[in-house]
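Student: Residue numbers (the working numbering): 382 to 797.
#1: Taking just the CA atoms, how far does residue 776 sit from residue 589?
#2: For a minimum of 4 consecutive residues, which ranges assigned as the alpha helix (DSSP H) are wholly contained in the segment 518-579?
#3: Please classify residue 544: is it buried, with 16 or more other beta-carbons within 10 angstroms of its beta-carbon, or exposed?
#4: Is the distance from the Cβ of residue 705 to the Cβ of residue 786 below 8 Å?
#5: Measuring straight from C-alpha to C-alpha, what distance separates residue 754 and residue 459?
#6: Counting pairs of beta carbons, one from the segment 441-453 and one from the segment 618-628, are three or more of them closer than 8 Å?
#7: Run through DSSP, which three-state label would residue 452 get?
#8: I'd like to confirm the pairing. Which residues does DSSP put opposite residue 587 in its beta bridges?
#9: Once DSSP output is grouped into helix, strand and coil, what is the label at residue 427?
#10: Measure the C-alpha to C-alpha separation of residue 360 and residue 396 and round it to an integer number of angstroms.
#11: What three-state label does DSSP hand residue 769 in the structure shown?
#12: Please identify the residue among 769, 766, 757 and 577 whose C-alpha is closest to the C-alpha of residue 409.
#13: Just curious, the alpha helix (DSSP H) that residue 661 is in, first and last residue?
#14: When the Cα atoms are used, what is the spatial distance from residue 597 to residue 463?
#15: Can you find a heavy atom of the ligand ATP that lies under 7 Å from the Cβ of residue 677?
#16: Measuring CB atoms only, is the segment 550-562 touching the segment 517-531, in the sense that at least three cross pairs come out at less than 8 Å?
#17: Roughly how many angstroms lie between the CA atoms of residue 514 and residue 678, to the nearest whole one?
#18: For the alpha helix (DSSP H) containing residue 681, list its first residue and its last residue.
#19: Measuring alpha carbon to alpha carbon, tell me which residue in 654, 473 and 550 is nearest residue 452.
#20: Out of 664, 642 and 727, which has the shortest C-alpha to C-alpha gap to residue 684?
#21: The alpha helix (DSSP H) spanning residue 706 covers which residue range?
#22: Just the Cα atoms here: how many angstroms apart are residue 714 and residue 504?
#23: Buried or exposed for residue 404, please, with buried defined as at least 16 other CB atoms from any protein chain shown within 10 angstroms of its CB.
#24: I want to know whether the segment 639-652 touches the segment 693-704 - three or more CB-CB distances under 8 Å.
This is the structure in structure tokens:
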């Protein structure tokens, strides 16, 4: 190993650690872009290669912009608060039924708005609803965290990591359902059953019903229509093998503008509250992974992928499991980028690629550091006065993620 290679690896490792642990409470994007900048300043990565790496994420950036605008518009119009209050009232005073309804709401939100929306927007609404119902909030909050990842491969749009792993070129919708419908059901059901068993003592008994529910405004109804229209448009785009970023961006911008027009408000109010730092974070991660590729790491990973893929069934189980646990060490976004680059070089069977996606989506349920969605979830509950430490989350995550991962991978392998 040359000095330059070792230095590049060290910068990539330190930047990834910074993204996960956020020293000095600096935003994740600072650490990713700082690492990318150091690679350029020290001449460890050519500028042209870095720009090409940033360009690879164009579809992901557009997807994130659209989803963030759509989610923030829905939040400001009270749609998620209305949904959460509706769930409380339909629980009819049962904590167990409320837990089921919150979980089901998380499935729908993740499926059609992405796991980040569940973490950032639904979680505070669920906390507020739990307080109104005088129910223990933590089981409901754990439900939001875990379903954000467990349901994130129902559709291509359910997780930005899906676009990352496939490099923006998603499989057609029919092929997607053929690969992931059964594994998604397995992951969702097993996660629910295990989490319900883990939290059984805290979801028994009664809670309040008939809590005050603010009527859905015209803006909220339009936002809901925007969600439905976006889901239909993206399903159509996926069915015709069209990249999802631009349609998502157009749908998010259009919904925001239409709501602003009908409510006579400024769309800038929505734009100001969007977490735009996610975009440089993802761009920085693309550059870090390009540096690893530049030093030969990706070639080594690709060779290991070729070796295990010689037996597709065993390779799928092995690759999916390794990536699931590895995502918790370096976060699933860089893990997905590394896997995507390795797949582009190794060209493994589809079963192995699908298993990698299951691993990168579902694996982060093990720990708080596993995915951006879980980190955002932790920030959201801290703002509400709750907190979950690393080990506490790990205890729940280990019990729920491992059987769900096994069920999902076995379901995919069974499909052949």
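Even for Gly, the Cβ is constructed at its ideal location relative to N, Cα and C. Being a predicted model, the structure only gives us computed values, none of them experimental.
Tutor: By the coordinates alone:
#1: For the purposes of this step, residue 589 is identified with residue 208 of the chain shown, where counting begins at 1. For the purposes of this step, residue 776 is identified with residue 395 of the chain shown, where counting begins at 1. Going from the Cα of residue 589 to the Cα of residue 776 covers about 30 Å.
#2: 518-531, 541-546 and 554-579
#3: Working through the chain shown from its first residue, we reach residue 544 at position 163. That one is buried.
#4: Residue mapping note: residue 705 aligns to position 324 of the chain shown, counting from 1. Residue mapping note: residue 786 aligns to position 405 of the chain shown, counting from 1. Against a cut-off of 8 Å, the Cβ pair of residue 786 and residue 705 comes out as a contact.
#5: Position 373 of the chain shown, counting from 1, holds the residue named residue 754. Position 78 of the chain shown, counting from 1, holds the residue named residue 459. Approximately 21 Å, taken between the alpha carbons.
#6: For the pair of segments examined, the segment 441-453 was found to touch the segment 618-628: the number of CB pairs separated by less than 8 Å reaches three.
#7: By one-based count along the chain shown, residue 452 stands at place 71. Shown here, residue 452 sits in a helix according to DSSP, grouped into three states.
#8: Residue mapping note: residue 587 aligns to position 206 of the chain shown, counting from 1. Under DSSP, residue 587 forms a beta bridge with 475.
#9: The residue you call residue 427 lines up with position 46 of the chain shown. Coil.
#10: In the structure displayed, the chain extends from 382 to 797; residue 360 sits before or after that span and is not available.
#11: Along the chain shown, one-based indexing puts residue 769 at 388. Coil, per DSSP.
#12: Along the chain shown, one-based indexing puts residue 409 at 28. When each option's Cα is compared against that of residue 409, the closest is 757.
#13: Residue mapping note: residue 661 aligns to position 280 of the chain shown, counting from 1. From DSSP, the alpha helix (DSSP H) with residue 661 extends over 659-675.
#14: Looking up residue 597 in the chain shown gives position 216. Looking up residue 463 in the chain shown gives position 82. Cα to Cα, residue 597 sits roughly 7 Å from residue 463.
#15: With respect to the ligand ATP, the structure shown offers nothing to examine, as it has no ligands at all.
#16: no
#17: As a working note, residue 514 is residue 133 in the chain shown. As a working note, residue 678 is residue 297 in the chain shown. Annotation: residue 514 to residue 678 spans about 52 Å, alpha carbon to alpha carbon.
#18: Here residue 681 refers to the residue found at position 300 of the chain shown. Unbroken alpha helix (DSSP H) run through residue 681: 678-689.
#19: Residue mapping note: residue 452 aligns to position 71 of the chain shown, counting from 1. Residue 452 has its Cα closest to that of 654, out of 654, 473 and 550.
#20: As a working note, residue 684 is residue 303 in the chain shown. It is 727.
#21: Within the chain shown, residue 706 is the residue found at index 325, counting from 1. Counting along the chain, the unbroken alpha helix (DSSP H) around residue 706 starts and ends at 693-711.
#22: Here residue 714 is taken as the residue at index 333 of the chain shown, counted from 1. Here residue 504 is taken as the residue at index 123 of the chain shown, counted from 1. The straight-line gap from Cα to Cα measures roughly 21 Å.
#23: Working through the chain shown from its first residue, we reach residue 404 at position 23. By the 10 Å Cβ count, residue 404 comes out exposed.
#24: no
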